[in-house]
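Novice:
Protein chains in written order, with our numbering: chain V, 6 to 550; chain F, 848 to 1282.
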């Protein structure tokens, strides 16, 4: 028995030796980045040009509207935004220490490059895209493998495959859903327990939203009430999938016509494939899905680029430029920034990672979420400033981001793919249970959702919070900080960095130092747990800002 | 996002009453000149004046797809019955499958729809259809019936969640496009504590935690007062705390009921869930969903059903009796069913597979006329169904019983008007009995 106790003590001492440098930063040695990557996107020569074009456009607009933009956010604030948007979590103390040790003029660019190359980001962003491509349903059993699909997509993003090539494979891939995971885009539409094949109408609706940025789907049953889409546009688009069948060798295309039944007469008639605009870009011959894929990814067809930019913007800002994210009117003028970024995206070969990097490097992304007008009475002025992207928008974090942040805040070291398998396993379980109770935001996760009282209850009293704020020297950062921090001031500061990615204000620091002073040594770890609870239950923790 | 709706399944002294009043009074005002719509509205007004509409819904959700043949639509003696027998009920001419001895005694309050047909033979899709009345549609998420209730009916003095799911499986009722504030609050076996409503620390520490949270809020608020006001984060913490201390939470504690009554419901999580449902309804909760899972009998169909019916029968019968004795049955719709039925043919593993081409649901209470049977399935096991009905018709019927116009269109966040239900109310279930 004593041997196990001794082992425990040894583990604690060993662990402490590893954690101590994080609590008290060591200036020398840490400044080097762990990996140097010559291919870092933000180092490319024309990168700054792309960013400058967007910045200039916003500056012109603000000037014309007589708007004074917010100040630039702190580096820590911007780093938090980037991590939440791309990796789905707040930064760890370990990451922040490395960040702070770097020269101020390069640390944000390095931070962004590291994040974009991080497997966590590929996984997290792949899930965001998958929601647009295949939704969140479990889908038909056996022939649809959602997890396989998402991990394939994450692999493609990790390899920085050009976005148009990914889209081409989604639309036109043949084969089995297991070894050709892109075909899950097709198989998810098969109705279980039916003899029908993939549903051409569902596919047409998906394609129009995800890749054309138009909600053509209400034209499935009738002409669009307020746009120029006709029911025939929808049917002709669906006809591209009209020959697609599910066979023993997977998804294949066969001969045959795509027939629709008239809702008035009930008669069937064959519908030929056709596209609703830019018809000259459609290849005149070839296999149907191939033709559609070529048309959608044609560099002169701006539809794919604009909806993709709008989505990338939403991923980073929490709010798209045009709402909803997948319905960008074609008969209205496109917001200038959306047009500029879409052109830039096509000009750079549909480079998705570069697109994210450009947006995250713009002035608009780096503005404070504070603005003097927000504290004034004038609602209209504030709304105008908010709508003009002259202040960083405050948006509700989605469930995965909240749970990712809770879990990360409770660990001083980064939880990522290098973490121990048990740590990652515990994270996956904790995350799934939490999201289930918090309420998954579903497919339309970029639509503003109201918060709910069960969400607040979960973060105040739920199992995960109980677990992560209790006294546990092995498991919880709060306890480790209480034990290892050399003084109260450091303890409070480290807790703030871990939970809110900033240092406390003078008032906050004084308040919590006083709290710690009135606490006996015996209850110090408990008190740090309480501090964690207060930080995690703040607006600041649960919102992107 | 307008602030009024933010806590919609929760106590709201502001939103509910006025919305409903406006709805009703404008309905009457418009009735004179709106042509066909006027009919519907006038009938509804009449109904409201003559008979108080139902106030709440209890959905007993039989997850997995129960066999119609072993539950509400036995064909004793027919080949498809596979030796399942039927029993008589107190209503002459209506039979239930063997095992429903207690429900048979309550049959005067219960009506059966035996002719439900759908195109959804998959659990996830069938559940979506049954709970929302719509087939899954990749372009919109429809609200469940409980969410519609909370959206349409006033909040009153209820401090606890007005939409509750007890023992949920992976697809509990949700608010859909009405918003996640209409999602059901999920809780488990009432023998266990309600999750998330108890502070994990002492009252003293909790007070200190909250006071400290305000310090953090204040630092963050500078330069952000307008968006934070809209966010209502702290206001929701206050509302959550009000719930944590509400005496109405006791409604979840079925241990307070007499042992004899608990025994009637059955000493099972589902039985306790049904008892909790009644207690919740008494506190003004609008919709309680209680799930009994395990009906997916691809193997050993008869044995699976026998075991589950032993749980379902006492709970359902006791619930109806208990509601009646407390004068709650007339204001509470009880709906019982699953996502589809099961094949008339028995497979080689003595199981039945998915069958959406003719299945049953039971309805009772809330002014629904009891002792009725709607439709019939083919005793030979074919797809011919007499008087076929859609799941949407069930929704329209329940909504009508609640005084909610099924044809009412609510505008989705992207501006698309969606009807609460596209089904037709089943007239035979809504008529007052001739007396």
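In this text, a Cβ means the ideal position worked out from N, Cα and C, and glycines have one as well.
As the structure is a computational prediction, the values presented were derived from the model and not from experiment.
Considering only C-alpha positions, which residue in the set 1168/F, 960/F, 968/F, 1050/F is nearest to residue 1202/F?
Specialist: 968/F
Novice: What residues in the segment 1163 to 1177 of chain F have a beta carbon less than 9 Å from any beta carbon of chain V?
Specialist: none
Novice: So if DSSP puts residue 1033/F in a beta bridge, which residue, or which two residues, is it bridged to?
Specialist: 1012/F
Novice: Run down chain F in chain order and give the residues with a C-beta less than 7 Å from the C-beta of residue 545/V.
Specialist: 1063, 1067
Novice: With a Cβ-Cβ cutoff of 8 Å, do residue 943/F and residue 913/F count as a contact?
Specialist: no
Novice: Which full runs of the alpha helix (DSSP H) of 4+ residues lie inside the segment 928 to 1001 of chain F, going along the chain?
Specialist: 948 to 952, 970 to 979, 992 to 999
Novice: In chain F, which residues lie with their C-beta within 9 Å of the C-beta of residue 512/V?
Specialist: For the C-beta of residue 512/V, the chain F residues within less than 9 Å are, from N- to C-terminus, 1062, 1065, 1066.
Novice: Taking 8 Å as the cut-off, decide whether the C-beta atoms of residue 172/V and residue 83/V are in contact.
Specialist: No, Cβ-Cβ distance for residue 172/V and residue 83/V is not below 8 Å.
Novice: Per DSSP, which one or two residues make a beta bridge with residue 548/V?
Specialist: 401/V
Novice: Give a yes or no on whether the C-beta atoms belonging to residue 917/F and residue 1148/F are separated by under 8 Å.
Specialist: yes
Novice: Would you report the Cα separation of residue 1161/F and residue 952/F, rounded to the nearest angstrom?
Specialist: 11 Å
Novice: Within a Cβ cutoff of 6 Å, which residues of the same chain sit near residue 399/V, ignoring the five residues on either side of it in sequence?
Specialist: 374, 548, 550
Novice: Determine the burial state of residue 1267/F: buried for a count of at least 16 other Cβ atoms within 10 Å of its Cβ, exposed for fewer.
Specialist: buried
Novice: Would you say residue 518/V reaches chain F, if we count a Cβ-Cβ gap shorter than 8 Å as a contact?
Specialist: So no, residue 518/V is outside the interface.
Novice: With DSSP as the reference, label residue 395/V as helix, strand or coil.
Specialist: For residue 395/V, the secondary structure class from DSSP, reduced to helix, strand or coil, is coil.
Novice: Can a CB atom of chain F be found closer than 8 Å to the CB of residue 436/V?
Specialist: So no, residue 436/V is outside the interface.
Novice: What would DSSP say about residue 412/V, mapped onto helix, strand or coil?
Specialist: Here residue 412/V sits in helix by DSSP.
Novice: Rounding to the nearest angstrom, what Cα-Cα distance links residue 963/F and residue 1238/F in this structure?
Specialist: 6 Å
Novice: When DSSP labels each residue in this structure, what does residue 407/V get in the three-state scheme?
Specialist: helix
Novice: Return the first residue and the last residue of the alpha helix (DSSP H) that residue 304/V is part of.
Specialist: Taken as a continuous stretch (DSSP letters only), residue 304/V belongs to no alpha helix (DSSP H), as it is neither H nor E.
Novice: Which residues in chain F have a C-beta closer than 7 Å to the C-beta of residue 466/V? List them in chain order.
Specialist: 1043, 1044, 1045, 1046, 1047
Novice: With DSSP collapsed to three states, give me the class of residue 329/V.
Specialist: Residue 329/V: coil per DSSP, three-state reduction.
Novice: Look up residue 1211/F in the DSSP assignment and say whether it is helix, strand or coil.
Specialist: strand
Novice: How do the segment 1019 to 1038 of chain F and the segment 1131 to 1138 of chain F stand: do at least 3 beta-carbon pairs fall below 8 Å, yes or no?
Specialist: yes
Novice: On a CA-only basis, which of 954/F, 1032/F, 1186/F is nearest residue 1171/F? Give me that one, please.
Specialist: A check of alpha carbon separations from residue 1171/F across 954/F, 1032/F, 1186/F identifies 954/F as the nearest.
Novice: Is residue 186/V near residue 157/V, with beta carbons less than 8 Å apart?
Specialist: yes
Novice: Can you tell me whether DSSP reads residue 1076/F as helix, strand or coil?
Specialist: Residue 1076/F: helix per DSSP, three-state reduction.
Novice: Give, in chain order, every unbroken run of the beta strand (DSSP E) that is at least 3 residues long and sits entirely within the segment 1146 to 1206 of chain F.
Specialist: 1179 to 1184
Novice: The beta strand (DSSP E) with residue 273/V in it runs from where to where?
Specialist: Here the beta strand (DSSP E) through residue 273/V covers 273 to 276.
Novice: Between residue 286/V and chain F, is there a C-beta pair that is closer than 8 Å?
Specialist: no
Novice: Sorted by chain position, which residues of the same chain lie with C-beta nearer than 6 Å to residue 484/V's C-beta, five sequence neighbours on each side aside?
Specialist: 476, 477, 478, 530
Novice: Quick check on residue 145/V: buried or exposed, where buried means 16 or more other Cβ atoms within 10 Å of its Cβ?
Specialist: buried
Novice: Select from the segment 142 to 171 of chain V all residues with a C-beta closer than 9 Å to any C-beta belonging to chain F, and list them in chain order.
Specialist: 142, 143, 144, 145, 146
Novice: Could you run through the segment 345 to 377 of chain V and flag, in chain order, every residue whose CB is less than 9 Å away from some CB of chain F?
Specialist: 373, 374, 375, 376, 377
Novice: Got a sec? Which residues, its chain only, sit under 6 Å from residue 419/V by beta carbon, not counting five neighbours each side?
Specialist: Contacts found: 97, 99, 100.
Novice: Residues of the segment 432 to 457 of chain V with a CB closer than 7 Å to any CB of chain F: list them in chain order, please.
Specialist: 442, 444, 447, 452, 453, 454, 455, 456, 457
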